[in-house]
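In the numbering used here, the protein residues as written are 143 to 275. Here's the structure we're looking at; comments come further down.
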Ligand SMILES: [Mg+2]
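See the structure below:
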């Protein structure tokens, strides 16, 4: 799979968490120039409009505009029935009591995947590869 042509946006209010995801993406072969970062959903949705990433990886708990609001915004902008670029969304969170229930709620909200933090690198690689395939 040609990973270096893929654009990925990472939205997380915690910089160390963003850095960890960015490094993992680089290890997977995504070009550094094609990885974008945002510290909240407001900045993230601006970048989505500007860069049209293939995949958006978003934290759920953030100030200003959280991951749920990002999901709602994306699904409102890019409806599958409309001739617009499709954008995959991987949600991640470290504050989930019931991962099974969260996955269901996120799927209903339009997410393509969910990772509970901290996650194993192998799991991250597997999920991201499948979403960018
Ligand atoms: Mg957060």
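Even glycine gets a Cβ: it sits at the ideal position worked out from N, Cα and C. Everything numeric in this text was worked out from a predicted model, so none of it was measured.
Enclosing beta strand (DSSP E) for residue i [first to last residue]
| i | result |
| --- | --- |
| residue 174 | Counting along the chain, residue 174 falls outside any beta strand (DSSP E), and DSSP gives it neither H nor E. |
| residue 147 | First-last for residue 147: undefined, no H or E at that position. |
Given residue i as reference, the closest of the options once Cα atoms are compared
| i | options | result |
| --- | --- | --- |
| residue 201 | 243, 195, 210 | 210 |
| residue 261 | 204, 247, 166 | 166 |
| residue 198 | 264, 148, 263 | 148 |
| residue 250 | 217, 265, 267, 158 | 217 |
| residue 185 | 229, 215, 230, 228 | 215 |
| residue 171 | 157, 146, 187 | 146 |
| residue 258 | 219, 234, 162, 207 | 234 |
Test item: CB-CB of residue i and residue j under 9 Å
| i | j | result |
| --- | --- | --- |
| residue 190 | residue 232 | no |
| residue 204 | residue 239 | no |
| residue 274 | residue 248 | no |
| residue 255 | residue 269 | yes |
Near ligand 1: residue i beta-carbon under 8 Å from a heavy atom
| i | result |
| --- | --- |
| residue 203 | yes |
| residue 159 | yes |
| residue 239 | no |
| residue 156 | yes |
N-terminal and C-terminal residue of the alpha helix (DSSP H) that residue i is part of
| i | result |
| --- | --- |
| residue 209 | 209-219 |
| residue 268 | 263-274 |
| residue 189 | 183-193 |
| residue 203 | Element bounds for residue 203: n/a, residue is neither H nor E. |
| residue 246 | 241-251 |
Inset, instruction - Please confirm if the region 177-196 is in contact with the region 145-159, defined as three or more CB-CB distances below 8 Å between the two stretches. - result: yes
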